[in-house]
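Peer 1: Got a structure for you, written out below as structure tokens; questions coming shortly.
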Amino acid sequence: MSERHSEHFRNSTISDVATLAGVSIKTVSRVLNREPKVRPATREKVEAAMQELRYRPNSPGRMLASRRSYILGLVYNANSSYITSIQNGALDACRKEHYDLLIHPCHYRDPAITDEIADLVTSTKVDGLLLTPPVSDLPRVRELMRKYQVPHVSISRGSAGTDQWTIGTNDREVSAALTAHLSQQGHRRIAFVKSHPDHEAMANRFRGFRDAMSLARLDVEAALVVQGENTFDSGLRAGERLLNCALPPTAVFCANDHMAAGVMAIAHERGLKIPRDLSVAGFDDIPLASQIWPTLTTVRQPLREMAGFATQLLIQRLRGRSGENLARIVESTMVLRASTGPAPRP
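Every letter in the sequence shown is one number past the one before it in my numbering, and letter 212, counting from 1, is 262.
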């Protein structure tokens with residue numbers, strides 16, 4: 051880096067960027083705000099200059115000029131196990147668009163959650179919110195967003211309804227595909243451990259299971275459908291209940307990996323060999339899925355990618371695409387590992 055550039059390294063200004071790129075300060079501002087009327091070559095020169103100078107936009111100055119904070123809020127339930135991937139995806143997209151991200155955990159069962167979110171919006175002056183389930187599934191939160199016209203995008207919301215600014219995945223279809231895989235392995239008594247009822251999107255996993263069972267002409271037995279709570283402990287309880295059946299299942303599909311790990315723990319405790327005696331599958335592909343033994347067959351949900359798309363969508367909404375409802379599906383994929391195999395012979 052040259053001496054001239056070194057001088058600006060610690061405290062580069064928008065004027066420094068304009069000088070290095072050979073453009074006006076107004077053009078740099080247009081690039082920062084992602085305005086459409088900037089030639090690609092000019093945009094590349096400005097972005098290269100910002101990178102070389104390690105320029106970071108002055109937030110107070112931008113706020114004064116545009117009446118925006120250039121801060122997005124990510125609201126999620128404090129007990130969510132998947133939030134790290136969502137945070138990383140949102141942060142990646144924010145950095146590219148010169149936004150900051152405010153992380154806000156909350157407790158979705160708190161009666162005062164709407165007051166908490168309203169206070170977050172007014173006290174921090176965030177430009178918009180990213181909402182994750184089960185917070186995004188709460189009717190009172192949806193009503194708050196509508197009433198106060200808070201720009202927001204939901205990630206993996208159960209039902210978009212009239213507000214279709216959401217990023218989801220193909221829960222139902224991929225769950226049907228995994229159930230079909232189990233039936234093709236010769237399994238006839240396939241159990242399902244359901245997600246917590248507050249998670250609407252995860253309910254589609256059970257619907258997909260039923261779809262595939264119907265196509266395979268297999269009964270969905272009431273005794274082989276157990277309500278879980280998305281936790282390891284609820285998986286333990288589900289495993290106990292299923293393996294205590296007079297005719298236990300030969301395969302168990304759980305709506306998330308934590309519950310699948312619980313079912314596997316009970317099977318190991320009873321001396322069952324997985325997958326020789328019992329096949330187990332989960333959903334989400336959390337790190338645990340490839341760390342336990344045998345490694346878990348599951349569904350890889352692209353949470354980081356979904357969060358990145360949601361952040362981009364929210365920023366597009368803030369830039370004037372408010373008259374257009376947008377929904378996008380990012381496909382999840384099956385990951386076949388060692389925990390599933392052919393049904394045991396009679």
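Ideal Cβ positions, reconstructed from N, Cα and C, are used throughout, including at glycine.
May I have a chain-ordered list of the beta strand (DSSP E) segments no shorter than 3 residues that lie completely inside the stretch 245 to 290?
Peer 2: 275 to 277
Peer 1: At what residue ranges does the stretch 295 to 333 contain a whole run of the alpha helix (DSSP H), taking only runs of 4 or more?
Peer 2: 307 to 319
Peer 1: When DSSP labels each residue in this structure, what does Asp169 get in the three-state scheme?
Peer 2: helix
Peer 1: Are at least three pairs of beta-carbons, each pair with one atom in the stretch 176 to 183 and one in the stretch 200 to 209, less than 8 Å apart?
Peer 2: The stretch 176 to 183, when compared against the stretch 200 to 209, does touch it at the 8 Å Cβ threshold.
Peer 1: Reducing DSSP to helix, strand and coil, say where Arg387 ends up.
Peer 2: coil
Peer 1: Determine, using beta carbons only, whether Ala385 and Pro352 come nearer to each other than 8 Å.
Peer 2: For the sequence presented, residue 385 should be read as Val rather than Ala. No, these two residues do not count as a Cβ contact at 8 Å.
Peer 1: What distance in whole Å lies between the Cβ atoms of Glu97 and Val81, which are believed to be in contact at a cut-off of 8 Å?
Peer 2: 7 Å
Peer 1: Output needed for Ser264: all residues of its chain with C-beta closer than 7 Å, excluding positions within five of it in sequence on either side, in chain order.
Peer 2: none
Peer 1: Using the Cβ count rule (16 or more neighbours within 10 Å means buried), how would you classify Gly111?
Peer 2: Note on Gly111: pLDDT 48, under 50, position unreliable in the model; the coordinate value appears next. Exposed.
Peer 1: Kindly identify the DSSP beta-bridge partner or partners of Val185.
Peer 2: None, per the DSSP bridge assignment.
Peer 1: Please classify His202: does DSSP put it in a helix, a strand, or coil?
Peer 2: It is a strand residue.
Peer 1: Apart from the five residues just before and just after Met51, which ones in its own chain have a Cβ nearer than 6 Å to its Cβ?
Peer 2: Confidence at Met51 is low in this model, with a pLDDT of 40, below 50, so the placement of that residue is unreliable and no value is reported for it.
Peer 1: Quick one: is Ala262 buried, meaning 16 or more other Cβ sit within 10 Å of its Cβ, or exposed?
Peer 2: buried
Peer 1: For the putative contact between Leu297 and Arg354, defined by C-beta atoms under 8 Å, what is the C-beta separation to the nearest angstrom?
Peer 2: The pair is not a contact, with the Cβ atoms about 41 Å apart (cut-off 8 Å).
Peer 1: In chain order, which alpha helix (DSSP H) runs of at least 4 residues are fully inside the stretch 93 to 154?
Peer 2: 109 to 116 and 133 to 147
Peer 1: Helix, strand or coil, according to DSSP, for Arg190 in the structure here?
Peer 2: Residue state, collapsed to three classes: helix.
Peer 1: Confirm, please, whether the CB-CB distance from Glu279 to His246 is below 8 Å.
Peer 2: yes
Peer 1: What's the C-alpha gap between Arg395 and Leu328?
Peer 2: Just so you know, the alpha carbons of Arg395 and Leu328 end up roughly 11 Å apart.
Peer 1: Give the straight-line distance between the Cα atoms of His308 and Gly285, rounded to the nearest whole angstrom.
Peer 2: 7 Å
Peer 1: Using the Cα positions of Ala68 and Ser79, report the straight-line distance between them to the nearest angstrom.
Peer 2: 9 Å
Peer 1: Using the DSSP secondary-structure output, state which residues sit across from Ile217 in a beta bridge.
Peer 2: Ile205 and Arg378
Peer 1: Spell out the partners DSSP gives Val349 in its beta bridges.
Peer 2: Met384
Peer 1: Could you tell me the distance, in whole angstroms, from the CA atom of His55 to the CA atom of Tyr105?
Peer 2: Because His55 carries a pLDDT of 42, less than 50, the predicted location of this residue cannot be relied on, and the following value inherits that uncertainty. Between His55 and Tyr105, the C-alpha separation is close to 11 Å.
Peer 1: How close, in whole Å, do the beta carbons of Pro201 and Leu364 come, if the pair is a contact with beta carbons under 8 Å?
Peer 2: Between Leu364 and Pro201 the Cβ distance is about 7 Å, and since that is below 8 Å, they are a contact.
Peer 1: Across which residues does DSSP place Ile342 in a beta bridge pair?
Peer 2: Answer by DSSP bridge pairing: none, since Ile342 is not bridged.
Peer 1: Pull the bridge partners of Leu180 from the DSSP assignment, please.
Peer 2: According to DSSP, which records beta bridges pairwise, Leu180 is partnered with Leu124 and Val203.
Peer 1: To the nearest angstrom, report how far apart His318 and Ile324 are at their CA atoms.
Peer 2: Straight-line Cα distance between these residues: approximately 8 Å.
Peer 1: Here's the rule I'm using: 16 or more other beta-carbon atoms within 10 Å means buried, otherwise exposed. How should Cys144 be labelled?
Peer 2: buried
Peer 1: Could you compute how far the alpha carbon of Ala273 sits from the alpha carbon of Gly123?
Peer 2: 43 Å
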